[in-house]
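Residue numbers (full-length UniProt numbering), protein chains in the order written: chain D, 1 to 194; chain C, 1 to 194; chain X, 1 to 194; chain L, 1 to 194. Below is one structure; the comments refer to it alone.
Protein chains: 4
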Amino acid sequence: MPRPRSENARQSVLAAMRRALAADGYDAVTIEGLAAEAGVSKQTIYRWWPSKAAILGEALLEGSLPGADVALPFSDDLTADLRGWFTLAGENLSRPENVALARALIAVTATDPERGAALNHRFADPVVSWIVARVTRAQEEGDVRPDVDAAAVADQFLAATSYSALLGRPLTAARVDALVELVTQGIAARPRGR
Amino acid sequence: MPRPRSENARQSVLAAMRRALAADGYDAVTIEGLAAEAGVSKQTIYRWWPSKAAILGEALLEGSLPGADVALPFSDDLTADLRGWFTLAGENLSRPENVALARALIAVTATDPERGAALNHRFADPVVSWIVARVTRAQEEGDVRPDVDAAAVADQFLAATSYSALLGRPLTAARVDALVELVTQGIAARPRGR
Amino acid sequence: MPRPRSENARQSVLAAMRRALAADGYDAVTIEGLAAEAGVSKQTIYRWWPSKAAILGEALLEGSLPGADVALPFSDDLTADLRGWFTLAGENLSRPENVALARALIAVTATDPERGAALNHRFADPVVSWIVARVTRAQEEGDVRPDVDAAAVADQFLAATSYSALLGRPLTAARVDALVELVTQGIAARPRGR
Amino acid sequence: MPRPRSENARQSVLAAMRRALAADGYDAVTIEGLAAEAGVSKQTIYRWWPSKAAILGEALLEGSLPGADVALPFSDDLTADLRGWFTLAGENLSRPENVALARALIAVTATDPERGAALNHRFADPVVSWIVARVTRAQEEGDVRPDVDAAAVADQFLAATSYSALLGRPLTAARVDALVELVTQGIAARPRGR
DNA sequence: GGATAATCGAGACGGTACGTCGAGTCTTTCC
DNA sequence: GGAAAGACTCGACGTACCGTCTCGATTATCC
């Protein structure tokens, strides 16, 4: 019988967080500022979120983190598939607000590894799964050496993405190609029979 | 002719910063806490450093950042050389205080890319130079394909190091080997004549 | 509809001000000290008072400034009435905390005449009114020369009070009598017809 | 053979104090400001003066406090003599820098009665002596009642002067006349024989 | 269709840290 | 040894946010 939580307020806060992130960066975001910007009282924020990081997490989930929204199909070309995903990630990071989101995630993780790692997993895991699945299939098809650790491959792509976002270096086509080629060459099965 | 700057105070502040980083993380470091811990007045800190990040920078330079102190000689084995450096980086990151330093650097960069990038360069550049030089020699010797971008190779190692530090994942021998192998295979010249 | 101002905090601050004045003098009073002593946050003080002087003003009004609380009745004897008030003022100034209050008022006025004059008026005006009324009645009754400026008479008493408080000279009965006599003689109507 | 104290520096400091007083008031004067304005090092100030108040004292003595420089001759007319001095005091107080000096003296006294009283005496005593001497002569000549306390008379003039300076009320001719008349009437010998 | 109970905005509260200013002391070099 | 310069420690300044705590006003249900 009580009054239910206001979805309205919730969305306002998340939107305010996204705007503030893009404008000033995670560190400069204050709960007071968020409340004012969202037209919401501080109490309402504290009622529903335990910390600034939690709001960020929700804002991140509600939005789209660069590279996270993978629902890419598998083609028959491993190189093309990897390039496809990595290119997409690069495009996401070409939008400043997405860089801001990524940096916020990094900042939280650097500050509070516990919480940050959890958040990271939520975004990284689907990507890891997708890459691992794709690489594994390639292994089954004999295109990739069987001793290759698919997870390590996935990791490399995520590390490169994170590092680029952190340093603000755009993932240009050249850089995408370079890494994709390095990796695919590195894991390719040796030409049999020679 | 005025009284010269107190080297004593300077060292106290840097030491306090390092201790505080290891203890509570960059975010929790306060200028007031630093001053108290260092037995120095706030004014002295503000006189000589424009920001918390600047103190971190100096503390970092004065100390040793994991993986930064490369003065490794080249052997005849590219794989061994790369593994050598990467192993060293991993060992550095096995010490918690070094993880704290690395995370602080990441946090600063995520928060203030301008300043952070500058700091990053000071640590990354020597490593990049070393790796590029080594890979370039390998190219000259025909062990690495000439179209490989040596800088991209260096980048991958740094990205992996940074990402590991961020997530607190130790760079175990297995992980070191996996990446080194992936990269060396990826850049290796195709067996000629066939 | 927000939470209303805490009367509790307000009183604590004023009490702390009064205690601090008596203990160390106006100049030595600090907002921080007041806040600590009152068990109140600095912000609360800054929220409600624009300056230390404003707190003093309120503390003064809420308390009683020596000589300010005149509700003395008129008798038929002008001299007795003036002596009555002036004696009362002297008694008030015999209490150290009242001297401290008076000196604080003087210090504020010497430092910030604008604000100080306003405060002064709040305390002086009732006294001036009372004295002027009493002297005027005496003029109407023919006991005081009609050309006497009643306000100047009042002024003399206030000046004497203020100067005594400033120099810390107690207003003894002898000094009270001397001034009262000097004034009453000075304004007395000349014995008529003779 | 040590280097003697620089009279130059001393004068610069005193001049700076006088300028600062007139410009911003005693409270706003800082030792650092004084040093800068005087082109003198802080150490030089601290070497020669124990406190801001001491500098004020010296500046006051070196200059002229309103009403302090009495070397007035006695005429045969008590009223005229008193009016003469009081008028002079009023004229001194018509110059803003003198008001500033007087207020500074009051501020010091209100803040530090000990030191302030000492300073006050140095300025008030000659005046008191002069007035007492003049009134005493009038008593000897039978123009003033013998039971009148000459010191109390002097006190009244000083109190009025101080109070006027404090409140910033100019000592106009009218106010001067009113007080002089009140006092002279108050102390006048009753017309004898009648 | 009213009672009721958790919601909401507003913003006051005790705190901690900020970055600045001035106090008074100390140290160096120059004269 | 006096003096300018300015670094030093210390403590207060006034501000910004923190997270908690009333307030009165506002909705949904559920009786």
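Cβ atoms here follow ideal geometry from the backbone N, Cα and C, with glycine treated the same way.
Which residues bound the alpha helix (DSSP H) around residue i?
i: Ile162/D; result: One point to set straight first is that residue 162/D is Ser, not Ile, in the sequence displayed. Counting along the chain, the alpha helix (DSSP H) containing Ser162/D begins and ends at Ala150 to Leu167.
i: Pro144/D; result: Just to set this straight, residue 144/D is Val in the shown sequence, not Pro. No alpha helix (DSSP H) contains Val144/D, which DSSP labels as neither H nor E.
i: Thr87/L; result: Leu78 to Asn92
i: Thr111/D; result: Pro96 to Thr111
i: Arg19/D; result: Glu7 to Asp24
i: Trp48/C; result: Lys42 to Trp48
i: Gly57/X; result: Lys52 to Glu62
i: Leu179/D; result: Ala173 to Ile187
i: Leu34/L; result: Ile31 to Ala38
Interface residues of chain D around residue i at Cβ under 7 Å?
i: Arg103/C; result: Ala110
Cβ-heavy atom distance between residue i and the ligand ZN below 8 Å?
i: Trp48/D; result: Among the components of this structure there are no ligands whatsoever, and the ligand ZN is therefore not found.
Can you name the residues of chain L whose CB is closer than 7 Å to the CB of residue i?
i: Ser94/X; result: Within 7 Å Cβ-Cβ: nothing; Ser94/X doesn't reach chain L, min ~16 Å.
Can you pull the chain X residues whose beta carbon is under 7 Å from the beta carbon of residue i, in chain order?
i: Ile55/L; result: Simply none; closest approach about 16 Å.
i: Asp149/L; result: Ala178
So which residues of chain X does residue i contact, with C-beta pairs closer than 8 Å?
i: Pro170/L; result: Ordered by position in chain X, no residue passes the 8 Å Cβ test against Pro170/L, which lies about 13 Å from the chain.
i: Gly186/L; result: Glu181, Leu182, Val183, Thr184, Gln185, Gly186 and Ile187
i: Glu134/L; result: This sequence places Arg at residue 134/L; Glu is not what is there. What Arg134/L touches in chain X: nothing, since even the nearest Cβ is about 16 Å away.
i: Ala117/L; result: Leu167 and Gly168
i: Tyr163/L; result: Asp155, Leu158, Ala159, Ser162 and Tyr163
Since residue i and residue j should fall inside the 8 Å C-beta cutoff, what is the C-beta to C-beta distance between them, to a whole number of angstroms?
i: Leu166/X; j: Ala110/L; result: 6 Å
i: Gly186/C; j: Val13/D; result: That pair is no contact at about 45 Å.
i: Val176/C; j: Phe86/C; result: 5 Å
i: Asn120/L; j: Leu105/L; result: 7 Å
i: Ser162/D; j: Tyr163/C; result: 5 Å
i: Leu158/L; j: Val127/L; result: 6 Å
i: Glu91/X; j: Arg18/X; result: Not quite, the Cβ-Cβ distance comes to about 19 Å (not below 8 Å), so this is no contact.
i: Leu34/C; j: Val108/C; result: In fact, because the Cβ distance is near 15 Å, the residues do not count as touching under 8 Å.
i: Ala38/X; j: Ala23/X; result: Wrong, their Cβ atoms sit about 14 Å apart, outside the cutoff.
i: Asp112/X; j: Ala53/X; result: 6 Å
i: Trp48/X; j: Arg10/X; result: 7 Å
i: residue 242/D; j: Gly25/D; result: Absent from the model: residue 242/D. The displayed extent of chain D is 1 to 194, so no value can be given.
Given that residue i touches chain L, what residues does it touch there, using C-beta distances under 8 Å?
i: residue 201/X; result: The question about residue 201/X has no answer, for chain X in this structure spans 1 to 194.
i: Asn120/X; result: Leu167
Check the Cβ of residue i against every Cβ in chain L and list those closer than 9 Å, keeping chain order.
i: Asp27/X; result: Asp27, Ala107, Ala110, Thr111 and Asp112
Which residues in chain X have a C-beta closer than 9 Å to the C-beta of residue i? List them in chain order.
i: Arg175/L; result: Asp149, Ala152 and Asp155
| query | Quick one: any contact between the region 112-122 of chain D and the region 151-159 of chain C, if contact means 3 or more CB pairs under 8 Å? | reply | no
inquiry  = Across the region 137-150 of chain C and the region 168-177 of chain C, are there enough close Cβ pairs to call them in contact, namely three or more that are closer than 8 Å?
reply    = no
Evaluate the contact criterion for the region 4-17 of chain L versus the region 140-147 of chain X: three or more CB pairs, one atom per stretch, below 8 Å. no
Segment contact flag, the region 71-91 of chain X with the region 24-43 of chain X, C-beta cutoff 8 Å, min 3 pairs: no
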